[in-house]
Amino acid sequence: MNRLDNQVAIVTGGSRGIGRVIALELASLGAKVAINYRGGQKEAEQVAEEIKQKGGEALVLQADVSKKDEARGIVTKTIDHWGRLDILVNNAGITKDKTLKKLTDDDWEDVINTNLNSVYYTVSAALPTMQEQKYGRIINISSFVGQAGNFGQTNYSASKGGIIAFTKSAAQEVAKNNITVNAIAPGFTMTEMLQQVPENVQEKILAKIPMGRFGQPEEIAEAVVFLAAHGSYVTGQQINVNGGVYM
Ligand code: NAP
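Here the sequence shown stands for residues 14 to 260, numbered as in the working numbering.
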C-alpha cells in the first residue's frame, strides 16, 4: 500500500513549475490527481501521461482559476469523476510586478483574482464534500513575500499574505471535521516564474539567501507531501521552505 492510495487530489496550475512536481509526487504515493492548467494544455497532458505510464490515474482540467465558475468547476468535475476529494492544492499563481506608481487596476485585479480569490472559490466548493467525508487536506501555496513584503510586488504580496490569513481562519472553522488547512511559503524557487526575473536581479536576490542558492520545485513538493501524507495534527500553519531568506 502506498501512503495516498485511494485518495483524490487536485493541483491547480499543475502543468508547470512547482505544481507539476507536486502532481507527480502525490501520484507517486498513490493519489489520483486532477491537473488543472490555464493555457498549457500540452504540458498538462505530459504530466498526466507521466503519471499514467507509472500506473497512476490522472485527469486534465482546463480552467482559469481567477474566474469563480471555472475554479469551482475544477472541484465539481473532479468529484463527479472520482466520487471524492481528499487533497486540494491551491498552487496556481501569477506575478505582475510594478511599483505602485506604475501599477494599473488590471495588474492589481488579475493578481488578486488569480492568486487569492481562486483559493476562496476552490475551498468553498470543496468543503461540502470534505465535511461529508470527515477528511480533507487543503494546502495553499503562498510565498515568503506574503510575510516579508517586496519592492514592486504590492499586488503579489497582498495576495500571498491574504492566503496565509485565509488559511488560519479556514483552519479554525473546519478542524472539527478532520479537515486541515495549511499554507506553504516558498522562497525563490527555480521555475519559469523566477526565470522571468532579469539575471542581474537574480544575482542580487541570491546574495540575500543564507543558503546561497534558489530552491527546487521538489523541495516545495516535499512539504506538500508531508502535509498530505503525514500532517494529521498540523493545521493553520505556514511552512516556510525558503533557504532562510525570511526567518
Ligand atoms: P509557474 O512556473 O509560472 O507556473 C504557474 C502555474 O500556474 C502554471 O501551471 C500555470 O498554468 C498556472 N496558472 C497561472 N495562472 C492560472 C490561472 N488563471 N488558472 C489556472 N492556472 C493558472 O509558477 P511557479 O513558480 O511554479 O509557482 C507556483 C506557485 O508557487 C505560485 O502560486 C507562486 O506564486 C508560488 N511561488 C513561487 C515562487 C518561485 O520563486 N517560483 C516563490 C514563492 C511562491 P498555464 O501554464 O497553463 O497557464
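All residues carry an ideal CB built from backbone N, CA and C; glycine is no exception.
Residue range of the beta strand (DSSP E) that residue i falls in?
i: arginine 33; result: Arginine 33 -> not in any beta strand (DSSP E); alpha helix (DSSP H) instead, spanning 30-41.
i: valine 21; result: 21-24
i: leucine 72; result: 71-75
Spatial neighbours of residue i within its chain, please: CB distance less than 8 Å, with the 5 preceding and 5 following residues excluded, ordered by chain position.
i: alanine 183; result: Val136, Ile151 and Val194
For residue i, list the residues DSSP reports as bridge partners.
i: valine 194; result: Ile151
i: glutamine 251; result: Ala196
i: asparagine 103; result: Asn153
Give the DSSP-derived three-state secondary structure of residue i in the structure shown.
i: glycine 96; result: coil
i: asparagine 15; result: coil
i: valine 258; result: coil
i: alanine 44; result: coil
i: tyrosine 50; result: strand
i: lysine 8; result: Outside the displayed span of the chain (14 to 260) sits residue 8, for which this structure offers no information.
i: lysine 109; result: coil
Who are the Cβ neighbours of residue i in its own chain at under 6 Å, not counting the five residues just before and after it?
i: isoleucine 192; result: Met143 and Gly149
i: alanine 241; result: Ile100 and Arg150
i: glutamate 38; result: Ala234 and Val238
i: isoleucine 222; result: Gly256 and Val258
i: alanine 22; result: Leu39, Ala44, Val46 and Ile100
i: lysine 81; result: Tyr134
i: serine 155; result: Lys173, Ile176, Ile177, Ala196 and Ala198
Along the chain, where does the alpha helix (DSSP H) containing residue i start, and where does it finish?
i: proline 230; result: 230-238
i: proline 141; result: 131-146
i: valine 124; result: 118-124
Quick check on residue i - is its C-beta less than 9 Å from some C-beta in chain C?
i: tyrosine 169; result: In the structure shown, chain C cannot be found, because there is only a single protein chain.
Run through the segment 153-217 for me and flag every whole beta strand (DSSP E) of 3 or more residues, listed as ranges in chain order.
Entirely contained in the segment 153-217, the beta strand (DSSP E) runs reaching 3 residues are, in chain order, 192-199.
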